[in-house]
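Have a look at the structure below, then the notes.
Residue numbers (our numbering): 515 to 803.
Rendered as structure tokens:
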């Protein structure tokens, strides 16, 4: 009889042949899901026989992964900031590198009591929810142009008990007119150059929402728009934290300084790639009354 260990090894080979670099990890995660356990539970049962019904379920999950459907879509969610987030075709799958954006936002708000935060392009709500979980005194406004994405984000906020402190608004940044300013504008905007999207791995180019990827011809269109709009949205002494793509640091810094953010800087992720544009707004740089 086929054992769980044998099924796992066979699945790893299949996924590797499909060109998947994370074949072993993906096989473990999907087999654990088919078994209704976590990876630790999977490892404890490697010598057990594989039930036929579980085997059929596992094969169905493997077929989807061989077609390069992201694991997060297959499972319906992904962990981010040690929290589980629902994802859907309307939302970008949260990436580990975006946790640097959350870390940076929290550092910028460390000395601010009862901060107000605007999350522009919230998607799954992972940034807004993570910040609301960490700062129980914060009020967050999360905007997105996608009604479907906002529905997912709302469910994620409910899941983690922060829905009463996050206002979800269907709006784009250009047309958004809040009644008051914010202490921080945070965003993971589309920043992939349009011509590069089809060259990305299939999990991204085929499955991620195009609107969450397409940053225009140079990838900087939305970043420039954020920088231009931010001074009118921020309180004096507020700031901006925006995720950027690899190789965009110099151009993003130039855009920030041209928009009046003289103290702008970039922060690398743990791979050493410049990942977050940090732009504090001094009181003198605020909007003219």
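Every residue, glycine too, gets a C-beta built ideally from N, C-alpha and C.
Only a predicted model underlies this, so the values are computations on that prediction, with no experimental measurement involved.
- When the alpha-carbon of residue 760 is set against those of 596, 780, 623 and 586, the nearest one is in 780.
- Counting along the chain, residue 626 sits inside no beta strand (DSSP E), nor does DSSP assign it H or E at all.
- By the neighbour-count criterion, in which a residue is buried when 16 or more other Cβ atoms sit within 10 angstroms of its Cβ, residue 784 is exposed.
- Counting of Cβ neighbours within 10 angstroms places residue 733 among the buried residues, the total reaching 16 or more.
- Here the alpha carbon of residue 691 sits roughly 25 Å from the alpha carbon of residue 606.
- For residue 706, the pairing in a beta bridge is given by DSSP as 728.
- The C-beta distance from residue 788 to residue 782 rounds to 5 Å, short enough to fall under 8 Å.
- When DSSP states are grouped into helix, strand and coil, residue 593 belongs to the strand group.
- A Cβ-Cβ separation of about 6 Å places residue 680 in contact with residue 646 under the 8 Å criterion.
- According to the DSSP secondary-structure assignment, residue 756 is paired through a beta bridge with 701 and 791.
- Taking 9 Å as the cut-off, the beta carbon of residue 642 is found closer than this to the beta carbon of residue 654.
- In this structure, the beta-carbon distance from residue 601 to residue 609 does not fall below 9 Å.
- Nearest Cα to residue 548 within the set 563, 533 and 574: 574.
- Residue pairing of residue 683 in beta bridges, as defined by DSSP: 657.
- Between residue 597 and residue 674, the CB-CB gap stays under 9 Å.
- Here DSSP, grouped into helix, strand and coil, assigns residue 603 to coil.
- Beta-bridge analysis with DSSP links residue 598 to 593.
- Scanning 636, 561 and 676 for the CA closest to the CA of residue 661 turns up 636.
- Taking C-beta atoms under 8 Å as the contact rule, residue 582 and residue 717 qualify, at a distance of about 5 Å.
- Across the set 688, 639 and 695, the C-alpha of 639 shows the shortest separation from the C-alpha of residue 671.
- When only Cα atoms are considered, residue 745 and residue 663 end up about 26 Å apart.
- Residue 709 and residue 731 have their C-alpha atoms roughly 7 Å apart.
- Listed as beta-bridge partners of residue 551 by DSSP are no residues whatsoever.
- Buried is the label assigned to residue 757, since at least 16 other Cβ atoms lie within 10 Å of its Cβ.
- Separation of residue 558 and residue 720 (C-alpha to C-alpha, rounded to the nearest whole angstrom) is 35 Å.
- Between the alpha carbons of residue 676 and residue 520 lies a gap of roughly 43 Å.
- Counting along the chain, the unbroken alpha helix (DSSP H) around residue 527 starts and ends at 518–531.
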